[in-house]
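Beneath this line is the structure, given in structure tokens, with notes to follow.
Residue numbers (our numbering), protein chains in the order written: chain A, 422 to 804; chain B, 422 to 804.
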């Protein structure tokens, strides 16, 4: 039978047809004038998406690589750093900074909690750390923190702020310059609607100053070498040329839609998903608030294993959602809605979840989720 | 006017239509069963191309990143290493190892010279270095060394050998297991006929043992973490999914042609290019020998600037060849012929070079190059 596939994970996300087509074009040379012009335009578009006049550095690596670049370019071995964690990605940056020999002070929340600016400020003062890491959108839980407030707290404490915006950039506001974010890390494969393979880091003036004294060894991820090349539209080593072509095309689509409209659309998608989930009688794991526009984490009913929901959606309906990390594996599943999505991607997923859970004998309200989701989407967009 | 493009650089190289098509397919999730099966098959094909039963690790990074992985996984800061250099890429690995705080002992040749196994053996004994870096195909000069002999010399000296095979793997023999190569580094964008974005490193048993004691900090490029994930068909962070799909398809094409046939074809392409170049009265910079199957470096006639040849080929004929690095920029240009090429790609380039040089008033033999190249290609293939 025809097997249609639906990618509803919070990354990689589906790629628009125009961007797929760009991926099928013949490779061009990375030192020629065509590529230089393309790279310059792509960086300009990235600056616009990041809302910064400063530098955006583009790496051929996953988001993890771009985050590593922040550690090795900003810190010296043994240096104290404050890492805020409330999920799998916060934990990853702690593991990475520890691997690089940093003195990692943790501000740890339960998974699913939302980090608070006042805690960040207090812990920065208490530890004297000159650098803080925070995850804007913790993809493992669906929590999006109040980044503006946290950035203010970091500034008041005199610390640089490094932001994991891998799943948030392009979906919810990330005001790099206006909020004074020193380093914003993101990847191509989430709201930027591009296949994985590229990642980026913005670098503020203060971060550049700090990096001049950072003694950690680095080469592939060295910022200064990369900036010097990018300023000429080039790169120190061969970049993922085809993915750059695709990213440039995807950024064109995103900027044509308009960032503000994209933010509204994502907020509405999140609202639609949450309302649909609640309408069928399920409980949310991620917060029921407008910022939760990236991924909706849903608790399964008593007696159902979330891993069976993930497998069932995939095998019965061709729908890929994400499971829970670690201890949450049996208890939650996660529906991603960042990037190339409209409300009908959400309703497709809700209809399949409803059908699957009814089969398991779970007590589910039938027929309510889809129409409630469409209604909530329209309401959210003021339609 | 119609502007056809010809990519005749030694990387990135043109991608076959089947591989381009694969690049235009919708993204799949990197934790699902489709991707796991694909990744396992792709790694099995890579083992076949690398002629190894050991591990092949696949990175989302350029070849420079994979080479960095060898440094940080094998060496501890301050450790002595012997680096063999006869060109730009040998120099790059020296710069990288120095950035990581290694005690780099150099075995340095003039650019264009061919490293000799006896020198490598003698310097290893003299320096006591336990690790040697060698570039198999120095893309900046067109020189391909006798890797088998150098590997023997390293073994006799009891040193691990790390090989930059970025431009050689798939074009000329690289017998990882039979020659006892400890680490072979390569990239997707050369003879493997795939867009850039992925790179690989083979790791021998001895290299794994060494890596267990290597104290350099590492995370993104950590071998052990990557192997543990790859064994399950997964990766520690999101890989360049689309490029993996393309690499898998390109490897299928390469293995269908057969490695031995691919080696013969590349040797014949090199011979064709050199014979054509000589037939028009030009002088070779790269050695006139069968191993020079990767890139043909050509000296320009007296009074001609090689940079003008590179620009002229591009602007007049849409042909991208490579210029010379550093001091060689004015004196040589380089024609790449690794990957998706047959003899008519070479003759197209020779016809354009001939036409361009005649216009400059250089003393060039007209009408000989193309037919001589075709003849040499047929002779080389025993046709």
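Just so it is clear, CB atoms sit at the ideal spot from N, CA and C, and this is done for glycine as well. Remember, predicted model here, so these are calculated numbers, not experimental data.
Endpoints, beta strand (DSSP E) assigned at residue 603 of chain B | Sequence index remark: in the second chain, residue 603 of chain B carries index 182 (1-based). From DSSP, residue 603 of chain B is part of no beta strand (DSSP E); its letter is neither H nor E.
Under 8 Å by Cβ, that's how I've got residue 478 of chain A and residue 503 of chain A pegged, so tell me the actual separation to the nearest angstrom.
-> Locating residue 478 of chain A in the first chain gives position 57, where the first residue counts as 1. Locating residue 503 of chain A in the first chain gives position 82, where the first residue counts as 1. Their Cβ separation, rounded to whole angstroms, is 23 Å, which puts residue 478 of chain A and residue 503 of chain A out of contact at 8 Å.
Look at the alpha carbon of residue 812 of chain B and the alpha carbon of residue 466 of chain B, and state the distance between them as a whole number of angstroms.
-> Since the displayed chain B opens at 422 and closes at 804, residue 812 of chain B lies outside it and no answer follows.
Closest to residue 511 of chain A by CA distance: which of A:585, A:492, A:522, A:547 is it?
-> As a working mapping, residue 511 of chain A is identified with position 90 in the first chain. That would be A:585, whose Cα lies nearest to the Cα of residue 511 of chain A.
Secondary structure, alpha helix (DSSP H): runs of 4+ residues fully inside the segment 509 to 574 of chain B | 509 to 520, 538 to 548
Taking the CB atoms as reference points, tell me whether residue 716 of chain A and residue 755 of chain A lie closer together than 7 Å.
-> Here residue 716 of chain A corresponds to residue number 295 of the first chain, with the count starting at 1. Here residue 755 of chain A corresponds to residue number 334 of the first chain, with the count starting at 1. In this structure, residue 755 of chain A lies closer than 7 Å to residue 716 of chain A by Cβ.
Considering only the beta carbon of each residue, do residue 541 of chain B and residue 515 of chain B sit closer than 7 Å?
-> Counting from one through the second chain, the residue named residue 541 of chain B turns up at place 120. Counting from one through the second chain, the residue named residue 515 of chain B turns up at place 94. Against a cut-off of 7 Å, the Cβ pair of residue 515 of chain B and residue 541 of chain B comes out as no contact.
Which chain B residues are close to residue 517 of chain A, counting only those with a beta carbon under 9 Å from its beta carbon?
-> Translated into positions along the first chain, residue 517 of chain A becomes position 96. 640, 641, listed in chain order.
What residues from the segment 519 to 551 of chain A come within 8 Å of chain B, judged by C-beta to C-beta, listed N to C?
-> 520, 521, 522
Kindly list, in the order they appear in chain A, the residues whose Cβ is closer than 7 Å to that of residue 741 of chain B.
-> Counting from 1 along the second chain, the entry for residue 741 of chain B is found at position 320. What residue 741 of chain B touches in chain A: 450, 453.
Might you give, ordered along the chain, the residues of its own chain that have their beta carbon closer than 7 Å to the beta carbon of residue 775 of chain B, omitting 5 neighbours on each side?
-> Within the second chain, numbered from 1, the residue matching residue 775 of chain B stands at position 354. Excluding residues within five positions, the ones whose Cβ falls inside 7 Å are 701, 785, 787, 790.
Can you name, in chain order, every residue of its own chain whose Cβ lies under 6 Å from the Cβ of residue 381 of chain B, other than the five neighbours on each side?
-> Missing from the structure shown is residue 381 of chain B; chain B here goes from 422 to 804 and no further.
Quick one, are the C-beta atoms of residue 638 of chain A and residue 640 of chain B less than 7 Å apart?
-> On the first chain, residue 638 of chain A is found 217 positions in, with the first residue counted as 1. On the second chain, residue 640 of chain B is found 219 positions in, with the first residue counted as 1. Going by C-beta atoms, residue 638 of chain A is not nearer than 7 Å to residue 640 of chain B.
Tell me, please, whether the CB atom of residue 801 of chain A is closer than 7 Å to any CB atom in chain B?
-> Working through the first chain from its first residue, we reach residue 801 of chain A at position 380. Taking Cβ atoms only, chain B never reaches closer than 7 Å to residue 801 of chain A, which makes this a no.
Taking only runs that begin and end inside the segment 439 to 506 of chain A, name each unbroken beta strand (DSSP E) of 3 or more residues, in chain order.
-> 476 to 481, 501 to 506
Best match in B:749, B:763, B:777, B:597 for proximity to residue 473 of chain B [C-alpha to C-alpha] | For the purposes of this step, residue 473 of chain B is identified with residue 52 of the second chain, where counting begins at 1. Looking at the Cα atoms, B:597 is the closest of the given residues.
Indicate the three-state DSSP secondary structure (helix, strand or coil) for residue 643 of chain B in the structure shown.
-> For the purposes of this step, residue 643 of chain B is taken as the residue at position 222 of the second chain. It is coil, neither helix nor strand.
Classify residue 752 of chain B as helix, strand or coil using the three-state DSSP reduction.
-> Position 331 of the second chain, counted from the start, is the residue given in the question as residue 752 of chain B. Note: residue 752 of chain B maps to coil in three-state DSSP.
Just confirm the distance between the C-beta atoms of residue 611 of chain B and residue 431 of chain B, as a whole number of angstroms; I'd bet it's less than 8 Å.
-> Here residue 611 of chain B refers to the residue found at position 190 when the second chain is read from its first residue. Here residue 431 of chain B refers to the residue found at position 10 when the second chain is read from its first residue. Right, their Cβ atoms sit about 7 Å apart.
Do the CB positions of residue 738 of chain A and residue 720 of chain A come within less than 7 Å of each other?
-> The residue labelled residue 738 of chain A in the question sits at position 317 within the first chain. The residue labelled residue 720 of chain A in the question sits at position 299 within the first chain. No, they are not a contact pair.
Could you check where the beta strand (DSSP E) with residue 585 of chain B kicks off and where it finishes?
-> Translated into positions along the second chain, residue 585 of chain B becomes position 164. Taken as a continuous stretch (DSSP letters only), the beta strand (DSSP E) holding residue 585 of chain B covers 581 to 585.
By Cβ distance, which residues of its chain are closer than 6 Å to residue 583 of chain B, with the 5 residues on each side in sequence left out?
-> Within the second chain, the letter at position 162 stands for residue 583 of chain B. Within the same chain, residue 583 of chain B has close Cβ partners 491, 554, 604.
Closer than 7 Å, CB to CB, is residue 777 of chain B near chain A or not?
-> Stepping through the second chain from its first residue, residue 777 of chain B is reached at position 356. So no, residue 777 of chain B is outside the interface.
Spatial neighbours of residue 501 of chain B in its chain, beta-carbon cut-off 7 Å, leaving aside the 5 residues before and after | Numbered from its first residue, the second chain carries residue 501 of chain B at position 80. Only 524, 526, 548, 549, 550 meet the Cβ criterion.
Counting contacts by CB-CB distance shorter than 7 Å, is residue 757 of chain B in contact with chain A?
-> Start at 1 with the first residue of the second chain, and residue 757 of chain B comes out as number 336. Answer no: the Cβ-Cβ gap between residue 757 of chain B and chain A never drops below 7 Å.
Nearest chain B C-beta to residue 441 of chain A closer than 7 Å, yes or no?
-> Residue mapping note: residue 441 of chain A aligns to position 20 of the first chain, counting from 1. Yes, residue 441 of chain A lies at the interface with chain B (some Cβ there is under 7 Å from its Cβ).
Could you pull the start and end residues of the beta strand (DSSP E) that residue 718 of chain A belongs to?
-> Indexing the first chain from 1 puts residue 718 of chain A at position 297. Start and end: 716 to 720.
Identity of the residues DSSP links to residue 427 of chain A by a beta bridge | Here residue 427 of chain A refers to the residue found at position 6 when the first chain is read from its first residue. DSSP output for residue 427 of chain A lists A:740 as bridge partner(s).
Limits of the beta strand (DSSP E) - the one that residue 622 of chain A falls within = Residue mapping note: residue 622 of chain A aligns to position 201 of the first chain, counting from 1. Here the beta strand (DSSP E) through residue 622 of chain A covers 619 to 624.
Could you round the C-beta distance between residue 440 of chain A and residue 663 of chain A to whole angstroms and report it? I think they count as a contact, below 8 Å.
-> Within the first chain, residue 440 of chain A is the residue found at index 19, counting from 1. Within the first chain, residue 663 of chain A is the residue found at index 242, counting from 1. Between residue 663 of chain A and residue 440 of chain A the Cβ distance is about 11 Å, and since that is not below 8 Å, they are no contact.
Shorter than 7 Å from the beta carbon of residue 717 of chain B to some beta carbon of chain A?
-> For this step, residue 717 of chain B is matched to residue 296 along the second chain. Taking Cβ atoms only, chain A never reaches closer than 7 Å to residue 717 of chain B, which makes this a no.
May I ask you to report which of helix, strand or coil DSSP gives residue 782 of chain A?
-> Residue numbering aside, residue 782 of chain A sits at position 361 when the first chain is read from its first letter. It is coil, neither helix nor strand.
Alpha-carbon spacing of residue 425 of chain B relative to residue 734 of chain B, whole angstroms | Locating residue 425 of chain B in the second chain gives position 4, where the first residue counts as 1. Locating residue 734 of chain B in the second chain gives position 313, where the first residue counts as 1. Using only the alpha carbons, I get a separation of about 12 Å.
Mind listing the chain A neighbours of residue 433 of chain B? Cutoff is C-beta to C-beta under 7 Å, in chain order.
-> Locating residue 433 of chain B in the second chain gives position 12, counting from the first residue. Going along chain A in sequence order, the residues near residue 433 of chain B (Cβ under 7 Å) are 448, 450, 451, 659, 662.
Answer with yes or no whether the minimum CB distance from residue 445 of chain A to chain B is below 7 Å.
-> Counted from its first residue, the first chain places residue 445 of chain A at position 24. Chain B, which has a Cβ nearer than 7 Å to the Cβ of residue 445 of chain A, makes this yes.
What's the C-alpha gap between residue 590 of chain A and residue 731 of chain B?
-> Position 169 of the first chain, counting from 1, holds the residue named residue 590 of chain A. Position 310 of the second chain, counting from 1, holds the residue named residue 731 of chain B. Residue 590 of chain A and residue 731 of chain B: Cα-Cα distance of roughly 40 Å.
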